[in-house]
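Chemist: Let me begin by handing over the structure; questions about it come next.
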Amino acid sequence: MSSEEFMLPTELNVPEFWKQSYMEWKNITKYDFRYISTTLTAKKSEAHIAYRQDIESMMQATKQISRMQQTLAVCKKVLKDISKDIGNAFFWETEAESSLKLAVASLTVELQVARQKSAADVLGELGSHESNPRLSSDSTDGTTNDDVAGTTPKRSAEEDQSEPAKTSRIRVPIFVEPFLNGQDF
181 MSSEEFMLPT
191 ELNVPEFWKQ
201 SYMEWKNITK
211 YDFRYISTTL
221 TAKKSEAHIA
231 YRQDIESMMQ
241 ATKQISRMQQ
251 TLAVCKKVLK
261 DISKDIGNAF
271 FWETEAESSL
281 KLAVASLTVE
291 LQVARQKSAA
301 DVLGELGSHE
311 SNPRLSSDST
321 DGTTNDDVAG
331 TTPKRSAEED
341 QSEPAKTSRI
351 RVPIFVEPFL
361 NGQDF
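Taken in order, the sequence shown gives residues 181 to 365; the numbers are from the numbering used here.
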């Protein structure tokens, strides 16, 4: 391991931020953006507490690398003087909420893709209609093998009305729903 290499601490709040060049670490607004994307929380105080915690963890991990230690010392100063940072203030006043909505939308898309992949995996495991006789519908009257064998349960009209229709909605955490604006996915 060279003097510029180190292991990222496992307890970092936003590990992706610290994987970039150490010269970028002092950009607290970039950290805040990544914090929102990672935690789906748009609270400035929480983001800055997390930044401070990450700086401490990184200082322990980079003890032998003086240039990184110097950059982390600058990060501490940037955080201390954050009230003077108009760029960061602008981000929190105007961009943080839209960044959160974007992060939630991205998570929603990822959930949709994962759901579609899961459905494709299940169908792939079942195989094609030709190779799975239970799924084939060779009869001319439209009945399946299950219908012929009598294994498909018949439902009464009462049962049909009492059970809600099944939908293909993705279940998302409750804190995500307000950002979906009532959209079904």
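Here a beta-carbon is modelled for each residue, glycine too, at the ideal position from N, C-alpha and C.
This structure is a prediction, so every number in the text was calculated from the model and none was measured.
So for M206, helix, strand or coil by DSSP?
Modeler: One point to set straight first is that residue 206 is Lys, not Met, in the sequence displayed. Correct three-state label for K206: coil.
Chemist: Put N268 into one of helix, strand or coil per three-state DSSP.
Modeler: Looking at N268 - three-state DSSP - the assignment turns out to be helix.
Chemist: Alpha helix (DSSP H) containing P195: first to last residue?
Modeler: First-last of the alpha helix (DSSP H) with P195: P195 to W198.
Chemist: Counting pairs of Cβ atoms below 8 Å between the stretch 263–273 and the stretch 238–251, do you hit three or more?
Modeler: Counting Cβ pairs under 8 Å, fewer than three are found: no touch.
Chemist: Of all Cβ atoms in chain B, is any one closer than 8 Å to the Cβ of A230?
Modeler: Checking the listed chains, one finds no chain B in this structure; it contains a single protein chain.
Chemist: Less than 7 Å between C-beta atoms, sequence neighbours within five positions excluded: which residues of the same chain meet that for I235?
Modeler: Within the same chain, I235 has close Cβ partners L252, C255 and K256.
Chemist: Where does S279 sit, in a helix, a strand or coil, going by DSSP?
Modeler: Correct three-state label for S279: helix.
Chemist: Apart from the five residues just before and just after E196, which ones in its own chain have a Cβ nearer than 8 Å to its Cβ?
Modeler: These residues qualify, in order along the chain: R214 and T218.
Chemist: Under the three-state reduction of DSSP, which class applies to E185: helix, strand or coil?
Modeler: Looking at E185 - three-state DSSP - the assignment turns out to be coil, as it is neither helix nor strand.
Chemist: Which word fits S237, buried or exposed, when buried means at least 16 other C-beta atoms lie within 10 angstroms of its C-beta?
Modeler: That one is buried.
Chemist: Sorted by chain position, which residues of the same chain lie with C-beta nearer than 7 Å to K206's C-beta, five sequence neighbours on each side aside?
Modeler: Same-chain partners within the cutoff: T251, V254, C255 and V258.
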